[in-house]
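Enquirer:
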Amino acid sequence: MFTAPFVARSDAILSRSIPYNGVPGVSLLALTREGTIIYSGLAGTLGMDDNRPINEDTVFYLSSCTNVLTAMCAMVCIDKGFISLDESVLGYLPELERQPVSQGGVLVPRQNDITLRSLLTMTAGCSNPVSDRVRSQMDAISSGKHPFVMTDKSVYLAPLDCQPGTRWAYSASLDWTGALVERLSNLTLGAFLKKYILEPCGVTDITFDITPEMKDRLVGAHFRWICGRVSPRGPIHDLDNVQNHLGGHGAYGTADALAQVLLPLINEGKHPITRKEVLSSASVKEMFREQLNEEQSMWLNKPTVANQMEVLLPDVEKQWGLGFMLTPKGMPSGRGPGSGSWNGFTNTLWQADPVNGVVMLAFAQIFPECDESFLSVQDKWERVVYCGIAKQTD
Numbered sequence: 324m325f326t327a328p329f330v331a332r333s334d335a336i337l338s339r340s341i342p343y344n345g346v347p348g349v350s351l352l353a354l355t356r357e358g359t360i361i362y363s364g365l366a367g368t369l370g371m372d373d374n375r376p377i378n379e380d381t382v383f384y385l386s387s388c389t390n391v392l393t394a395m396c397a398m399v400c401i402d403k404g405f406i407s408l409d410e411s412v413l414g415y416l417p418e419l420e421r422q423p424v425s426q427g428g429v430l431v432p433r434q435n436d437i438t439l440r441s442l443l444t445m446t447a448g449c450s451n452p453v454s455d456r457v458r459s460q461m462d463a464i465s466s467g468k469h470p471f472v473m474t475d476k477s478v479y480l481a482p483l484d485c486q487p488g489t490r491w492a493y494s495a496s497l498d499w500t501g502a503l504v505e506r507l508s509n510l511t512l513g514a515f516l517k518k519y520i521l522e523p524c525g526v527t528d529i530t531f532d533i534t535p536e537m538k539d540r541l542v543g544a545h546f547r548w549i550c551g552r553v554s555p556r557g558p559i560h561d562l563d564n565v566q567n568h569l570g571g572h573g574a575y576g577t578a579d580a581l582a583q584v585l586l587p588l589i590n591e592g593k594h595p596i597t598r599k600e601v602l603s604s605a606s607v608k609e610m611f612r613e614q615l616n617e618e619q620s621m622w623l624n625k626p627t628v629a630n631q632m633e634v635l636l637p638d639v640e641k642q643w644g645l646g647f648m649l650t651p652k653g654m655p656s657g658r659g660p661g662s663g664s665w666n667g668f669t670n671t672l673w674q675a676d677p678v679n680g681v682v683m684l685a686f687a688q689i690f691p692e693c694d695e696s697f698l699s700v701q702d703k704w705e706r707v708v709y710c711g712i713a714k715q716t717d
């Protein structure tokens, strides 16, 4: 059992996150390998213009946390023999096959093949139309009332940014992966996710097609200005007109629902509570294996659209698995070596630590991504959790 001082320290970090960091609402959740709650903390409201308190049933826009869900779906396809990891995807995705490469402002032919592995490792050369659009229209987006991320194919249907296989770049490749899953299975991505991932994990509160009931539980979107001020804005998507299930950033769900889905990643593919196999142990092992060669991995230490054109975790060694970032040597916080993690545009963060047997989530609904104030809250809390874990093992 984690001690009362541990809970008190976590509660103190959480309570200070609202008045001192300007974040309207925060959810912090950590689970053991067995699915036992280490800590569950909630603070704040559904929005600056909605004073209903956040609770365990609150729905968040998962943004790029959707990546890991889609990656798991792709690995199910491999486990079922629909496709192999190093098989070309171009026969299934003719729209991708037709895309040229944008090189110095000139469109040139694609030279290399695109495999499922290259999509999952963000080395397929895909562009990121959504991020490009958001960066160019940030002033209008910041305080607008209307949706600014479409759910049609324009979010990923664009020329490649570079020749496949030449470098890592955060891109729309998981949107393409979601489309691939649909072609392989003759199901929508949401239906595939529900059948093969959510139901075996005992989860219902993750979806691409948000219901009116879930919409009522949804946290509002907020924008932080350069001066530090936070203001509410309208929805990011047109929730009443979802045209495609976007594998890179289209899902909505509760923190606990995502945590339950992540548990098989630290349990060799099985859910510890339902006892059902979600992925083969071989697939999970491959997801956590370092996938990038030296030349590709160099790009993880360059400015990226995943962090407002700054370097992600500049003082930490990074690699990429199948669908998420890896930290081969762990983190100063105590995070174990080889842990997987990622963060979303709305500051939704997840991590799965197979070494220490813990899944952690820190959720807000504020953008742009990598909000320094919120990351400070998350880092302090992560250190407290790992300190508690260390004391449990002494």
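Number 661 in the working numbering belongs to position 338 of the sequence shown; there are no gaps in the numbering. Heads up, the beta-carbon is just placed ideally off N, CA and C, and yes, glycines get one too.
1) Considering only the beta carbon of each residue, do residue 619 and residue 644 sit closer than 8 Å?
2) Write down every uninterrupted run of the alpha helix (DSSP H) in the segment 492-564 whose length is 4 residues or greater and which is fully enclosed by it, in chain order.
3) Kindly indicate which three-state DSSP category residue 405 falls into: helix, strand or coil?
4) Bridge partners of residue 648, per DSSP?
5) Please classify residue 443: does DSSP put it in a helix, a strand, or coil?
6) Among the candidates 395, 442 and 508, whose CA atom is the shortest distance from the CA of residue 593?
7) Check the DSSP bridge columns for residue 352 and list the partner residues they point to.
8) Using the DSSP secondary-structure output, state which residues sit across from residue 430 in a beta bridge.
9) By how many angstroms is the C-alpha of residue 443 removed from the C-alpha of residue 670?
10) Between the beta-carbon of residue 576 and the beta-carbon of residue 497, is there less than 8 Å?
11) Can you name the start and end residues of the beta strand (DSSP E) that residue 376 belongs to?
12) Kindly indicate which three-state DSSP category residue 619 falls into: helix, strand or coil?
13) Assess, as a yes-or-no matter, whether the segment 385-403 is touched by the segment 587-603 under the definition of 3 or more beta carbon pairs within less than 8 Å.
14) Roughly how many angstroms lie between the CA atoms of residue 611 and residue 521, to the nearest whole one?
15) Who does residue 593 pair with in a DSSP beta bridge?
16) Comparing C-alpha positions only, which one of 326, 440 and 365 sits nearest to residue 609?
17) Going by the DSSP bridge assignment, what does residue 728 pair with across the sheet?
18) Near residue 554, what residues of its chain come up, given a Cβ to Cβ distance below 8 Å and the 5 sequence neighbours on each side ignored?
19) Taking Cβ positions, are residue 686 and residue 664 nearer each other than 8 Å?
20) Alpha carbon to alpha carbon, how far is residue 552 from residue 699? Give it in angstroms, no decimals.
21) Comparing C-alpha positions only, which one of 712, 715 and 703 sits nearest to residue 336?
22) Can you name the start and end residues of the alpha helix (DSSP H) that residue 584 belongs to?
23) So residue 364 and residue 351 are in contact, right, with Cβ under 8 Å, and what is the actual spacing, rounded?
24) Starting from the C-beta of residue 460, find all residues in its chain whose C-beta is less than 8 Å away, skip the five residues before and the five after it, and write them out in chain order.
25) Which word fits residue 462, buried or exposed, when buried means at least 16 other C-beta atoms lie within 10 angstroms of its C-beta?
26) Measuring CA to CA, which of 633, 357 and 332 is closest to residue 682?
27) Please list, in chain order, all residues of the same chain as residue 490 whose beta carbon is under 6 Å from its beta carbon, the five residues on each side excluded.
28) Let me check one thing: in DSSP terms, what residues is residue 383 bridge-paired to?
29) Just the C-alpha distance for residue 581 and residue 383, rounded to the nearest angstrom, thanks.
30) I think residue 688 touches residue 478, with their Cβ atoms under 8 Å apart; what is that distance to the nearest whole Å?
31) Measure the C-alpha to C-alpha separation of residue 421 and residue 481 and round it to an integer number of angstroms.
32) So, helix, strand or coil for residue 690, using DSSP?
33) Going by C-alpha distance, which of 487, 540 and 333 is nearest residue 309?
34) In chain order, what residues of the same chain have a beta carbon less than 8 Å from the beta carbon of residue 469, not counting five sequence neighbours either side?
35) Whole angstroms is fine: what's the gap from residue 326's alpha carbon to residue 713's?
Expert: If we stick to the structure as given:
1) Along the sequence shown, read from residue 1 onward, the residue named residue 619 stands at position 296. Along the sequence shown, read from residue 1 onward, the residue named residue 644 stands at position 321. No, they are not a contact pair.
2) Within the segment 492-564, the runs of alpha helix (DSSP H) at least 4 residues long that lie entirely inside it are, in chain order, 496-508, 512-516 and 535-539.
3) To locate residue 405, count along the sequence shown from 1; it is residue 82. Assignment of residue 405 by DSSP, reduced to helix, strand and coil, places it in the coil class.
4) Within the sequence shown, numbered from 1, the residue matching residue 648 stands at position 325. Residue pairing by DSSP places residue 648 opposite 643 and 664 in a beta bridge.
5) By 1-based counting over the sequence shown, the position of residue 443 is 120. Residue 443: helix per DSSP, three-state reduction.
6) Translated into positions along the sequence shown, residue 593 becomes position 270. It is 395.
7) On the sequence shown, position 29 is the one that residue 352 refers to. Looking at the DSSP assignment, residue 352 forms a beta bridge with 363 and 684.
8) As a working note, residue 430 is residue 107 in the sequence shown. DSSP output for residue 430 lists 425 as bridge partner(s).
9) As a working note, residue 670 is residue 347 in the sequence shown. As a working note, residue 443 is residue 120 in the sequence shown. Spanning the alpha carbons of residue 670 and residue 443 requires a straight line of approximately 21 Å.
10) By one-based count along the sequence shown, residue 576 stands at place 253. By one-based count along the sequence shown, residue 497 stands at place 174. No. Outside cutoff.
11) By one-based count along the sequence shown, residue 376 stands at place 53. For residue 376, the enclosing beta strand (DSSP E) has its first and last residue at 373-376.
12) Here the question's residue 619 lines up with position 296 in the sequence shown. In this structure, DSSP gives residue 619 a helical state, which the three-state scheme calls helix.
13) Output reads yes: the segment 385-403 touches the segment 587-603.
14) The residue labelled residue 611 in the question sits at position 288 within the sequence shown. The residue labelled residue 521 in the question sits at position 198 within the sequence shown. If you draw a straight line from the Cα of residue 611 to the Cα of residue 521, it is about 21 Å long.
15) For the purposes of this step, residue 593 is taken as residue 270 along the sequence shown, with counting starting at 1. Looking at the DSSP assignment, residue 593 forms a beta bridge with 600.
16) Sequence index remark: in the sequence shown, residue 609 carries index 286 (1-based). The shortest C-alpha separation from residue 609 is found at 440.
17) Lying before the first or after the last residue shown, residue 728 is absent from the chain, which here runs from 324 to 717.
18) For the purposes of this step, residue 554 is taken as residue 231 along the sequence shown, with counting starting at 1. These residues qualify, in order along the chain: 371, 465, 466, 545, 546 and 548.
19) Reading the sequence shown from its first residue, position 363 is the one you call residue 686. Reading the sequence shown from its first residue, position 341 is the one you call residue 664. No. Outside cutoff.
20) Residue numbering aside, residue 699 sits at position 376 when the sequence shown is read from its first letter. Residue numbering aside, residue 552 sits at position 229 when the sequence shown is read from its first letter. Answer to the nearest angstrom: the Cα atoms are 17 Å apart.
21) Working through the sequence shown from its first residue, we reach residue 336 at position 13. Of the listed residues, the one whose Cα sits closest to residue 336 is 703.
22) The sequence position of residue 584 within the sequence shown is 261, counting from 1. Counting along the chain, the alpha helix (DSSP H) containing residue 584 begins and ends at 578-585.
23) Against the sequence shown, residue 364 aligns to sequence position 41. Against the sequence shown, residue 351 aligns to sequence position 28. 4 Å between Cβ atoms; contact.
24) In the sequence shown, residue 460 corresponds to position 137, counting from 1. Here residue 460 has 471 as same chain residues with Cβ atoms under 8 Å from its own Cβ, once five neighbours each way along the sequence are excluded.
25) Position 139 of the sequence shown, counting from 1, holds the residue named residue 462. Looking at its Cβ environment, which holds fewer than 16 other Cβ atoms inside 10 Å, residue 462 is exposed.
26) For this step, residue 682 is matched to residue 359 along the sequence shown. Checking every option, the nearest Cα to that of residue 682 belongs to 357.
27) Taking the sequence shown and counting its residues from 1, the one referred to as residue 490 is at position 167. Only 619 and 622 meet the Cβ criterion.
28) Residue numbering aside, residue 383 sits at position 60 when the sequence shown is read from its first letter. According to DSSP, residue 383 bridges with 576.
29) Start at 1 with the first residue of the sequence shown, and residue 581 comes out as number 258. Start at 1 with the first residue of the sequence shown, and residue 383 comes out as number 60. Cα to Cα, the separation comes out at about 10 Å.
30) Walking along the sequence shown from the start, residue 688 turns up at place 365. Walking along the sequence shown from the start, residue 478 turns up at place 155. About 20 Å separates the two Cβ atoms, so there is no contact after all.
31) Residue 421 sits at position 98 when you count from the first residue of the sequence shown. Residue 481 sits at position 158 when you count from the first residue of the sequence shown. Between residue 421 and residue 481, the C-alpha separation is close to 10 Å.
32) Reading the sequence shown from its first residue, position 367 is the one you call residue 690. The three-state secondary structure of residue 690, taken from DSSP, is strand.
33) Only positions 324 to 717 of the chain appear in this structure, which leaves residue 309 out of reach.
34) As a position in the sequence shown, residue 469 is number 146, starting the count at 1. Correct list, in chain order: 557.
35) On the sequence shown, position 3 is the one that residue 326 refers to. On the sequence shown, position 390 is the one that residue 713 refers to. Here the C-alpha atom of residue 326 lies approximately 12 Å from the C-alpha atom of residue 713.
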